[in-house]
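Note sheet for the following structure.
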Amino acid sequence: MDERAQRWVAGPKVEDALQRVKQQNEHGIRGIIDKLGEGTKTQEDVLQNVAEYKKISDMIRIDKAQADISIKLTSLGLGFDKQLAQSSIDEIVHYASENNILIWIDMEHSQYTDRTIEIFKNMHAKYPDNIAICLQAKLKRTPRDLEDLLKTGSKIRLCKGIYYEEPEVALQDSDEIRKAFLKQMDTLFAKAKDFGIATHDQDIIDKALKKEPQNDRFRLQMLMGVRDNEKAELAKKHALEEYIPYGEDWKPYVSRREIELKRSLEPKKEKPSLLHKISSRFF
Numbered sequence: 000m001d002e003r004a005q006r007w008v009a010g011p012k013v014e015d016a017l018q019r020v021k022q023q024n025e026h027g028i029r030g031i032i033d034k035l036g037e038g039t040k041t042q043e044d045v046l047q048n049v050a051e052y053k054k055i056s057d058m059i060r061i062d063k064a065q066a067d068i069s070i071k072l073t074s075l076g077l078g079f080d081k082q083l084a085q086s087s088i089d090e091i092v093h094y095a096s097e098n099n100i101l102i103w104i105d106m107e108h109s110q111y112t113d114r115t116i117e118i119f120k121n122m123h124a125k126y127p128d129n130i131a132i133c134l135q136a137k138l139k140r141t142p143r144d145l146e147d148l149l150k151t152g153s154k155i156r157l158c159k160g161i162y163y164e165e166p167e168v169a170l171q172d173s174d175e176i177r178k179a180f181l182k183q184m185d186t187l188f189a190k191a192k193d194f195g196i197a198t199h200d201q202d203i204i205d206k207a208l209k210k211e212p213q214n215d216r217f218r219l220q221m222l223m224g225v226r227d228n229e230k231a232e233l234a235k236k237h238a239l240e241e242y243i244p245y246g247e248d249w250k251p252y253v254s255r256r257e258i259e260l261k262r263s264l265e266p267k268k269e270k271p272s273l274l275h276k277i278s279s280r281f282f
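FYI, the numbering for the sequence shown is 0 to 282, going by numbering that gives the first Met the number 0.
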């Protein structure tokens, strides 16, 4: 594994991800396993991914690991065949449900949002206890999507969103995105039964814990590679999950993480860099 990836990615194989999961489980941290490799182009690649997700499900069961699975629908062909993506995620969720494993559907670039939510709704109608979805606070449509999905009792992960989006579609200012996140988090606390708060922002974490310090209906979620030295202590206070990617196709994911990390350390800018636009849209 390239040195660039070692901070963010468990390794090239699913066994590497399971090893990380078990290490984190010892500290009371649940894992969310993500097989890297979005934007598949062929049915053959989709079929291989379906088989891999089933393998992950089996390994979680066999190892008695405390872990969920996270999937980007473009890894199942959403970019070229929505019906193939629908049938593929159905097969995966059905298989995982037999092992009582939760599948998270990641949210990608806004060009996929409508189709992602449509497929999620179909799956939630069949497997309400084994399917969950991520929403991005920066998208201007998210407050409507959040209210709509909460009516069905959907499990939701709220994150800020890392993909570059045009101003017509998404908030651009980091302060505005943060305000939107907090407002949507309030909606989750008011109306949701089971949800995730995906953030590394300590102020947001403090606000969430202050709202319901003893409540187990929500979980904090963090990425592998961010605040790793603090997670075990935080897990003593509240349910915590770590997003653990693995796979050979790590460059798109790692590039987004590196760019976002760099931007978070730089003085505030009016517009995102051209590199951020390119990496977010085409990787």
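Even glycine gets a Cβ: it sits at the ideal position worked out from N, Cα and C. Since we're looking at a predicted model, the values are computed, not measured.
- Message: Please classify alanine 4 as buried or exposed, where buried requires at least 16 other C-beta atoms within 10 Å of its C-beta.
- Response: As a working mapping, residue 4 is identified with position 5 in the sequence shown. Residue environment for alanine 4: buried (at least 16 other C-beta atoms within 10 angstroms of its C-beta).
- Item | Pick from Asp193, Gly224, Asp202 that is closest to arginine 216, judged by C-alpha positions | As a working note, residue 216 is residue 217 in the sequence shown. Among Asp193, Gly224, Asp202, the Cα nearest to that of arginine 216 is on Asp193.
- Burial state of glycine 36, where buried means 16 or more other Cβ atoms lie within 10 Å: On the sequence shown, position 37 is the one that residue 36 refers to. The C-beta of glycine 36 has 16 or more other C-beta atoms within 10 Å across all chains shown, which makes the residue buried.
- Message: For proline 142 and leucine 83, what's the separation of their Cα atoms in angstroms?
- Response: Here residue 142 refers to the residue found at position 143 of the sequence shown. Here residue 83 refers to the residue found at position 84 of the sequence shown. Between proline 142 and leucine 83, the C-alpha separation is close to 29 Å.
- At what residues does the beta strand (DSSP E) containing methionine 221 begin and finish? Here residue 221 refers to the residue found at position 222 when the sequence shown is read from its first residue. That run of the beta strand (DSSP E) goes 217-222.
- Message: Quick check on this structure: which residue in Ser109, Leu233, Gln23, Glu247 has the alpha carbon closest to the alpha carbon of leucine 77?
- Response: Locating residue 77 in the sequence shown gives position 78, counting from the first residue. When each option's Cα is compared against that of leucine 77, the closest is Ser109.
- Cβ distance (whole Å) where glutamate 241 is taken to contact isoleucine 31 below 8 Å: Translated into the one-based positions of the sequence shown, residue 241 becomes position 242. Translated into the one-based positions of the sequence shown, residue 31 becomes position 32. Taking the Cβ atoms as the reference, glutamate 241 lies roughly 7 Å from isoleucine 31, within the contact range of under 8 Å.
- Mind checking which residues open and close the alpha helix (DSSP H) that includes glutamate 146? Locating residue 146 in the sequence shown gives position 147, counting from the first residue. Note, glutamate 146: alpha helix (DSSP H), 141-149.
- Message: On the CB-based measure, 16 or more other CB atoms within 10 Å of its CB, does proline 212 come out buried or exposed?
- Response: Looking up residue 212 in the sequence shown gives position 213. Under this definition proline 212 is an exposed residue.
- Item | Residue span of the alpha helix (DSSP H) that contains serine 153, given as start and end | Here the question's residue 153 lines up with position 154 in the sequence shown. Neither: serine 153 is in no alpha helix (DSSP H) and is coded neither H nor E.
- Same chain, Cβ closer than 7 Å to lysine 54, neighbours up to 5 away in sequence not counted: Position 55 of the sequence shown, counting from 1, holds the residue named residue 54. Val13, listed in sequence order.
- Query: Tell me the DSSP bridge mates of proline 244?
  - Reply: The residue you call residue 244 lines up with position 245 of the sequence shown. According to DSSP, which records beta bridges pairwise, proline 244 is partnered with Asp33.
- Message: Between which residues of its own chain and lysine 206 is the CB-CB distance below 8 Å, once the five residues before and five after are set aside?
- Response: For this step, residue 206 is matched to residue 207 along the sequence shown. Counting only Cβ-Cβ distances below 8 Å, and skipping sequence neighbours, we find Leu181, Met184.
- Taking the alpha helix (DSSP H) that glutamine 23 falls in, what are its first and last residues? Start at 1 with the first residue of the sequence shown, and residue 23 comes out as number 24. Counting along the chain, the alpha helix (DSSP H) containing glutamine 23 begins and ends at 13-24.
- lysine 21 versus leucine 208: straight-line alpha-carbon distance, rounded: By 1-based counting over the sequence shown, the position of residue 21 is 22. By 1-based counting over the sequence shown, the position of residue 208 is 209. Leucine 208 has its alpha-carbon roughly 26 Å from the corresponding atom of lysine 21.
- Comparing the C-beta of phenylalanine 180 with each C-beta of chain B, is any distance below 7 Å? Within the model displayed, chain B is absent; a lone protein chain is all it includes.
- How many angstroms separate the CA atom of valine 49 from the CA atom of leucine 101? In the sequence shown, residue 49 corresponds to position 50, counting from 1. In the sequence shown, residue 101 corresponds to position 102, counting from 1. About 15 Å.
- Going by the CB atoms, is the gap between lysine 154 and alanine 283 shorter than 7 Å? The requested residue 283 is not part of the displayed model; the chain covers only 0 to 282.
- Straight-line Cα distance separating cysteine 158 from arginine 29: Position 30 of the sequence shown, counted from the start, is the residue given in the question as residue 29. Position 159 of the sequence shown, counted from the start, is the residue given in the question as residue 158. Looking at the two C-alpha atoms, the distance is approximately 18 Å.
- Task: Pick helix, strand or coil for phenylalanine 79, following the three-state DSSP scheme.
- Result: Within the sequence shown, numbered from 1, the residue matching residue 79 stands at position 80. Of the three classes helix, strand and coil, the one that applies to phenylalanine 79 here is coil, per DSSP.
- Where does isoleucine 161 sit, in a helix, a strand or coil, going by DSSP? The residue given as residue 161 occupies position 162 in the sequence shown. Annotated three-state conformation of isoleucine 161 is coil, per DSSP.
- Query: Is the Cβ-Cβ distance between glutamine 85 and isoleucine 116 less than 7 Å?
  - Reply: Numbered from its first residue, the sequence shown carries residue 85 at position 86. Numbered from its first residue, the sequence shown carries residue 116 at position 117. Contact flag unset, no.
- C-beta contact flag for arginine 19 and glycine 224 at 7 Å: Residue 19 sits at position 20 when you count from the first residue of the sequence shown. Residue 224 sits at position 225 when you count from the first residue of the sequence shown. With a cutoff of 7 Å on beta-carbon distance, arginine 19 and glycine 224 are scored as not near each other.
- Query: Is it buried or exposed for asparagine 99, if we count other Cβ within 10 angstroms and need 16 for buried?
  - Reply: Residue numbering aside, residue 99 sits at position 100 when the sequence shown is read from its first letter. With fewer than 16 other Cβ atoms within 10 Å, it is exposed.
- Quick one: is histidine 237 buried, meaning 16 or more other Cβ sit within 10 Å of its Cβ, or exposed? Along the sequence shown, one-based indexing puts residue 237 at 238. It counts as buried.
- Task: Can you tell me which of the three DSSP states glutamine 135 falls into?
- Result: Position 136 of the sequence shown holds residue 135. Three-state result, glutamine 135: strand.
- Taking just the CA atoms, how far does glutamate 165 sit from tyrosine 111? Residue 111 sits at position 112 when you count from the first residue of the sequence shown. Residue 165 sits at position 166 when you count from the first residue of the sequence shown. One C-alpha to the other measures close to 14 Å.
- With distances taken between CB atoms, is the gap from glutamine 220 to glycine 195 smaller than 7 Å? Locating residue 220 in the sequence shown gives position 221, counting from the first residue. Locating residue 195 in the sequence shown gives position 196, counting from the first residue. Taking 7 Å as the Cβ cut-off, glutamine 220 and glycine 195 qualify as a contacting pair.
- By DSSP, does alanine 124 sit in helix, in strand, or in coil? Start at 1 with the first residue of the sequence shown, and residue 124 comes out as number 125. In this structure, alanine 124 counts as helix in the three-state DSSP scheme.
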